[in-house]
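Structure first, commentary second.
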Amino acid sequence: DVVMTQSPLSLPVTLGQPASISCRSSQSLVHSNGNIYLNWFQQRPGQPPRRLIYKVSNRDSGVPDRFSGSGSGTDFTLKISRVEAEDVGVYYCMQGTHWPPFTFGPGTKVDIK
Amino acid sequence: QVLLVESGGGVVQPGGSLRLSCAASGFTFSGYGMHWVRQAPGKGLEWVAFIHLDGSNEKYADSVKGRFTISRDNSKNTLYLQMNSLRTEDTAVYYCAKVIETAGNIDYWGQGTLVTVSS
Numbered sequence: 154d155v156v157m158t159q160s161p162l163s164l165p166v167t168l169g170q171p172a173s174i175s176c177r178s179s180q181s182l183v184h185s186n187g188n189i190y191l192n193w194f195q196q197r198p199g200q201p202p203r204r205l206i207y208k209v210s211n212r213d214s215g216v217p218d219r220f221s222g223s224g225s226g227t228d229f230t231l232k233i234s235r236v237e238a239e240d241v242g243v244y245y246c247m248q249g250t251h252w253p254p255f256t257f258g259p260g261t262k263v264d265i266k
Numbered sequence: 003q004v005l006l007v008e009s010g011g012g013v014v015q016p017g018g019s020l021r022l023s024c025a026a027s028g029f030t031f032s033g034y035g036m037h038w039v040r041q042a043p044g045k046g047l048e049w050v051a052f053i054h055l056d057g058s059n060e061k062y063a064d065s066v067k068g069r070f071t072i073s074r075d076n077s078k079n080t081l082y083l084q085m086n087s088l089r090t091e092d093t094a095v096y097y098c099a100k101v102i103e104t105a106g107n108i109d110y111w112g113q114g115t116l117v118t119v120s121s
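Listed below in structure tokens is the structure:
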């Protein structure tokens, strides 16, 4: 099984400052078709998850452009250029390249200092 | 717009059974694979099961294999999760989720339904 790790697990940030979350997989997430199925989800308190980024770096419709994703192989990053209050929540990476099982990272909790 | 509405959650005793439903609308249900993903109280996301768009292929997490069955009725635009031999560790919010392009690419989630296994 592919194990997903994230760091940090807790990220207190100052409003207006940048934030960065790392996600690593135990094996390369490059699919045989050349795609990398690594998604990022945001879960605000009391809400279901919402996809922010798909296939490493593609931002979903309606997602503010302060969110960006990057990476390759086994190392991936979600960046928030300037954190706003509405960004508070838990962020999960998920791999969908090698399955079953589909695996999520443990989550990174973002809150305001 | 895509809408996924789960139902069927509740309180059940260990060893009991429950069937969850997920009513889909706003897209051609028969054209997409679907997942069930759960989240225990205060914990992270755990994948449970996946079913191909025509029901021809099902996959399960080891933790539920042999106890849970995922199915779908494309004529009713509904996804199901039959849960048998429930354990206290199955207590969680259960989400249905839609995929796009490939099984590993979830794009939409429902609001979830809470299952509590307790005596």
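So the sequence lines, in the order shown, correspond to chains A and B. Going from the first sequence to this note's numbering is simple: count from 1 and add 153. Going from the second sequence to this note's numbering is simple: count from 1 and add 2. We put the CB at the ideal spot given by N, CA and C, even for glycine. Since the structure is predicted, the reported quantities are computational estimates derived from the model, not experimental observations.
Integer-rounded CB distance, given that residue j should sit under 8 Å from residue i
i       : j       : result
A25(B)  : P254(A) : No, A25(B) and P254(A) are not in contact; Cβ-Cβ is about 26 Å, not under 8 Å.
Y190(A) : G106(B) : 4 Å
S19(B)  : E8(B)   : 17 Å between Cβ atoms; not a contact.
V13(B)  : T118(B) : 5 Å
Q15(B)  : S121(B) : 5 Å
Chain B residues whose Cβ lies nearer than 8 Å to that of residue i
i       : result
Q248(A) : G106
Helix, strand or coil at residue i [DSSP, three-state]
i       : result
G226(A) : coil
S163(A) : strand
T256(A) : strand
S109(B) : Residue identity differs from the one stated: residue 109(B) is Asp in this sequence, not Ser. Correct three-state label for D109(B): strand.
E60(B)  : strand
S179(A) : coil
S173(A) : strand
T93(B)  : coil
G215(A) : coil
G33(B)  : helix
D75(B)  : strand
A99(B)  : strand
Beta strand (DSSP E) segment containing residue i, residue limits
i       : result
R21(B)  : 20–27
V7(B)   : 5–9
G12(B)  : 12–14
E48(B)  : 47–53
N192(A) : 191–196
R69(B)  : Segment: none, R69(B) is in no beta strand (DSSP E) and carries neither H nor E.
K266(A) : Unbroken run through K266(A): none, as it is neither H nor E.
R204(A) : 203–207
Burial state of residue i, where buried means 16 or more other Cβ atoms lie within 10 Å
i       : result
A42(B)  : exposed
T167(A) : exposed
K100(B) : buried
Q196(A) : buried
T261(A) : buried
V236(A) : buried
Q159(A) : buried
Q200(A) : exposed
Q113(B) : exposed
Q105(A) : Since the displayed chain A opens at 154 and closes at 266, residue 105(A) lies outside it and no answer follows.
R21(B)  : exposed
Residue i: CB within 7 Å of a non-hydrogen atom of the ligand COA
i      : result
Y34(B) : Only the bare structure without any ligand can be found here, which leaves the ligand COA out of the picture.
Where residue i meets chain A, residues with beta-carbon distance less than 9 Å
i       : result
K61(B)  : W252, P253, P254, F255
W49(B)  : M247, W252, P253, P254, F255, T256, F257
D109(B) : N192, R204, Y207, D213
Under 7 Å from the C-beta of residue i: neighbouring residues of chain B
i       : result
G199(A) : Ordered by position in chain B, no residue passes the 7 Å Cβ test against G199(A), which lies about 10 Å from the chain.
P161(A) : Under the 7 Å cutoff, chain B gives no residues; its nearest Cβ is about 15 Å from P161(A).
Neighbouring residues, chain B, relative to residue i (Cβ below 9 Å)
i       : result
Y244(A) : Neighbours of Y244(A) on chain B: none; closest Cβ ~11 Å, over 9 Å.
Chain-ordered neighbours of residue i on chain A, where CB pairs are closer than 7 Å
i       : result
Q113(B) : P201
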